[in-house]
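The structure under discussion appears below in the form of structure tokens.
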Amino acid sequence: MRAFAAVFSVHFRQFVRDRAALFFTFIFPIMFILLFGWAFSGRGIQTFDVGLSDLGSPQSAGFVAQGLGMVTTDEGKQMFEVEMGPQEEMLRSLRDGDLDAVIVVPADMDLALSQRLPSQLEVYYDPSLASNQQTLIPVLYQVVDGIDRVLQNSTPLIGLEQNSLESHQLRHIDYLVPGILGMSLMFTGLFGALPVIQQRQAHIIKRLGTTPLRRSTLVLGDLTFRMILVLLTAALIVLVGRLVFDVQMVGNWFTFCGMVVLGTLAFTSLGYLVAAFVKTEEAAAPVINVITMPMMILSGTFFEVTSMPSFIQPVVKILPLTYLNDALRQIMVAGTPLHPMTIDIAVMGAWVVVCLAVTIRFFRWD
Amino acid sequence: MNQTVVEVKDLVKTYGSIRAVDGISISVARAEVFGMLGPNGAGKTTTVEIIEGLRTADSGTVTLLGMDVSRDIRAIKERIGVQSQHPALFPNLTVEESINFFRTLYKTCLPAADIITLARLEESRKVLYRNLSGGQQQRLSVALAFVNDPEVLFLDEPTTGLDPQARRAMWEVVENFHRTGKTVLLTTHYMEEAQRLCDRVAIMDHGKVIALDSPRRMIEEHIKESAIQFKMTNYPGDEVLAGLTGVTKAIREGDEVILYTSDIPAAISALLSLAAERSAALSELFVRQATLEDVFLKLTGKRIRD
Chain U
1 MRAFAAVFSV HFRQFVRDRA ALFFTFIFPI MFILLFGWAF SGRGIQTFDV GLSDLGSPQS
61 AGFVAQGLGM VTTDEGKQMF EVEMGPQEEM LRSLRDGDLD AVIVVPADMD LALSQRLPSQ
121 LEVYYDPSLA SNQQTLIPVL YQVVDGIDRV LQNSTPLIGL EQNSLESHQL RHIDYLVPGI
181 LGMSLMFTGL FGALPVIQQR QAHIIKRLGT TPLRRSTLVL GDLTFRMILV LLTAALIVLV
241 GRLVFDVQMV GNWFTFCGMV VLGTLAFTSL GYLVAAFVKT EEAAAPVINV ITMPMMILSG
301 TFFEVTSMPS FIQPVVKILP LTYLNDALRQ IMVAGTPLHP MTIDIAVMGA WVVVCLAVTI
361 RFFRWD
Chain X
1001 MNQTVVEVKD LVKTYGSIRA VDGISISVAR AEVFGMLGPN GAGKTTTVEI IEGLRTADSG
1061 TVTLLGMDVS RDIRAIKERI GVQSQHPALF PNLTVEESIN FFRTLYKTCL PAADIITLAR
1121 LEESRKVLYR NLSGGQQQRL SVALAFVNDP EVLFLDEPTT GLDPQARRAM WEVVENFHRT
1181 GKTVLLTTHY MEEAQRLCDR VAIMDHGKVI ALDSPRRMIE EHIKESAIQF KMTNYPGDEV
1241 LAGLTGVTKA IREGDEVILY TSDIPAAISA LLSLAAERSA ALSELFVRQA TLEDVFLKLT
1301 GKRIRD
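Chains as they are written, first to last, in the numbering used here: chain U, 1 to 366; chain X, 1001 to 1306.
If you want it as structure tokens, here you go:
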């Protein structure tokens, strides 16, 4: 027990005196949360600048402007800022990014409407912007539909009341925070292989082998320290999410901590596996990067994995981080499950078992 | 009471086709300083690491303090002190923290202050290991071998990389330890070190012990002559030099020539006339007593340090 405490305190001192390790464990994930959080919520609830160009139907153009003006955000602000002008000028502003969309009212629209004939509004927008696809176009459809109904004097028979599946609506930041936590557990676990490789390379493990210290005490001390470290990281991430972006933790803390520990075990085992095959510190860093970087992108840390192309889905389905992120999302923000929690736990457990089995077979202490 | 502290029998260790340890048998008595002398790759470190229980032999037995190394290694480790060839400690621990960490690993141990004094690091107790100089790291590494007040001390190349002054200080440390009746097993490739510290020396080459005795007796037995050492231009050849009056053997190593003789005046005058005859220039000529180096040279035909 004395030796265990001593090993633990050695790992602790080694860690807190290593600035790079401190940075990657604590600062790096927080930086990610802040950067991404602010990047995605910079405009708050979205408003749009829309250019309206009337080619000769002032009455119709008036309807459209009025319709747009009636749309408000949840906070009661107008969603559309409407600017009128010639078509050429409006389109130029759209290209320059000053406008989000341009609506062109055709010259014959007033005439067509008076004769109760169908007519087409033209909309120009940049489809590469996600906000356009997700918000602007659907809302425009509703606006046009609304004008249409007023003109036809009809009352809709079927309405659709929107109810979110969960008790509260998930924002992008809610999606992001569990992902960042999963990512940082991955980094802490895998980069945990570095001290092992360092100490082996520097003959420290061999030197300790001449003392009565048991190998198991050495491993256990390292593992315990790592677990406390990740729980601290998790607490910090949850806290920053809560204080800065009001990301509520909906699940219970016990399940949450269990999942953090299981995830860390999975990635620490993967780290030991790396240490079993990579002998030098210089070689280990690139190997770990090659493992962590694609996993970070492909496992739903920042984007949903369902948006990945189908040829990459088999890879996505193997990576342990996919399951950790999914499980953390379910627990922390009641995210929509990708898999049932039992599957998440089983897959991560399988990673632990396989990695440890291979490690035990190939790992060398000298 | 069993006076044999280390008993090694027919030790063999192969790596692929290389027999790193090739049938070594040695025994070290209590209160003896036993040296293993040989060039790099002679199998010294491998042998010592097998004795310490760090490696397992392919065959052969090691008994340490009356216990079988392959069975009672944990009990043995409490009672031995080991300094491994590479100074190896946690880079982010201070001198004091390193010592205290090692102290927690043993049931009995010396006060930390003693170890700091031993390492002569009184001024650097709060310095991180990674910020120590190479020599300081080496001294700490050796001093840590004393932390459990061991009965047997293993030192693997304890003074490699130390300056002459630090080396002499280290020798005193070993001698003081020896004076308390403790046993030391050390490896070295410094002749002077072996000659000064060791009661007995095993000369090793290619995984075998090729000679084993006290340094003095070994020299007396193998080389009865003195050595004349010099450099020479227009080298006339080993045979010509060996045929000079009074010379029993001539060896050339690089540009250095060594003549062994029991009649120094006759050999020198013969050498001088030969040099004059061939208009060869002699330089750096001196006469000395034979050393372990000469023994090694005679037995293997090469120098220990290449």
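Using N, Cα and C, we set each Cβ at its ideal position, and we do this for glycine too.
Where the alpha helix (DSSP H) through residue 1142 of chain X begins and ends: 1134-1144
Using 10 angstroms around the beta-carbon of residue 218 of chain U, count the other beta-carbons present and answer buried if the total reaches 16, otherwise exposed. buried
Out of U/105, U/178, U/89, which one is the CA nearest neighbour of residue 144 of chain U? U/105
Determine, using beta carbons only, whether residue 70 of chain U and residue 47 of chain U come nearer to each other than 8 Å. no
So, at 7 Å on beta carbons, what are the nonlocal neighbours of residue 124 of chain U in its own chain, with the 5 sequence-adjacent residues on each side left out? 91, 94, 101, 102
Start-end ranges of the alpha helix (DSSP H) lying completely within the segment 198-268 of chain U, minimum 4 residues: 204-209, 215-245
What are the residues of the segment 328-362 of chain U that lie near chain X, defined by any Cβ-Cβ distance shorter than 7 Å? none
Helix, strand or coil for residue 1157 of chain X, going by three-state DSSP, please let me know. coil
By the DSSP assignment, the alpha helix (DSSP H) with residue 109 of chain U in it spans what residues? 109-114
In chain order, what are the residue ranges of uninterrupted alpha helix (DSSP H) at least 4 long that sit wholly in the segment 33-92 of chain U? 58-70
Can a CB atom of chain U be found closer than 8 Å to the CB of residue 1286 of chain X? no
Roughly how many whole angstroms lie between the Cα atoms of residue 350 of chain U and residue 365 of chain U? 25 Å
For residue 210 of chain U, which residues from the same chain have a beta carbon less than 7 Å from its beta carbon, with the 5 sequence-adjacent residues on both sides left out? none
Just to confirm my understanding: we take residue 166 of chain U, look at its own chain, exclude 5 residues before and 5 after, and list those with CB closer than 6 Å. What are they? The predicted model places residue 166 of chain U with a pLDDT of 48, which falls under 50 and marks its position as unreliable; any figure quoted below should be read in that light. Closer than 6 Å at Cβ, skipping near neighbours: 334.
Span separating the alpha-carbon of residue 25 of chain U from that of residue 1029 of chain X: 53 Å
State the CB to CB distance for the pair residue 328 of chain U and residue 231 of chain U, rounded to an integer number of angstroms; the pair is presumed to be in contact (CB under 8 Å). That pair is no contact at about 13 Å.
Proximity to residue 14 of chain U [Cα-Cα], best of X/1129, X/1053, X/1161, X/1199: X/1129
State the DSSP-derived secondary structure class of residue 1248 of chain X, mapped to helix, strand or coil. strand
Note down, in chain order, each residue of its chain lying with its Cβ closer than 6 Å to the Cβ of residue 1142 of chain X, except the 5 sequence neighbours on either side. 1083, 1158
Beta-carbon separation of residue 1117 of chain X and residue 1219 of chain X under 8 Å? no
Can you tell me whether DSSP reads residue 1107 of chain X as helix, strand or coil? coil
With a cut-off of 8 Å, does the C-beta of residue 10 of chain U fall near any C-beta of chain X? yes
Considering only the beta carbon of each residue, do residue 302 of chain U and residue 146 of chain U sit closer than 8 Å? no
For residue 53 of chain U, does the count of other Cβ atoms within 10 angstroms reach 16, so buried, or fall short, so exposed? buried
Closest to residue 1177 of chain X by C-alpha separation, out of X/1161, X/1145, X/1192, X/1202, would be which residue? X/1145
Compute the Euclidean distance between the alpha carbons of residue 49 of chain U and residue 127 of chain U, then round it to the nearest angstrom. 15 Å
Work out the CA separation of residue 1137 of chain X and residue 1087 of chain X for me, nearest whole Å. 6 Å
Considering only their Cβ atoms, is the gap separating residue 1140 of chain X from residue 1095 of chain X smaller than 8 Å? yes
Buried or exposed for residue 295 of chain U, please, with buried defined as at least 16 other CB atoms from any protein chain shown within 10 angstroms of its CB. buried
Do you know how far the Cα of residue 260 of chain U is from the Cα of residue 42 of chain U? Note that residue 42 of chain U scores 48 on pLDDT, short of 50, meaning its location in the model is unreliable; the coordinates nonetheless yield the value given after this. Looking at the two C-alpha atoms, the distance is approximately 30 Å.
Would you mind sorting residue 141 of chain U into buried or exposed? The rule is 16 or more other CB atoms within 10 Å of its CB. exposed
Start-end ranges of the alpha helix (DSSP H) lying completely within the segment 1213-1237 of chain X, minimum 4 residues: 1215-1222
Tell me which residues of the segment 1071-1088 of chain X have at least one Cβ-Cβ distance to chain U shorter than 7 Å, keeping chain order. 1074, 1077, 1078, 1082, 1084, 1086, 1088
Quick one, are the C-beta atoms of residue 1208 of chain X and residue 1022 of chain X less than 8 Å apart? yes
If we cut at 8 Å on Cβ distances, does residue 213 of chain U have a partner in chain X? yes
Which partner residues of residue 23 of chain U appear in the DSSP bridge assignment? Paired residue(s): none; residue 23 of chain U is not in a bridge.
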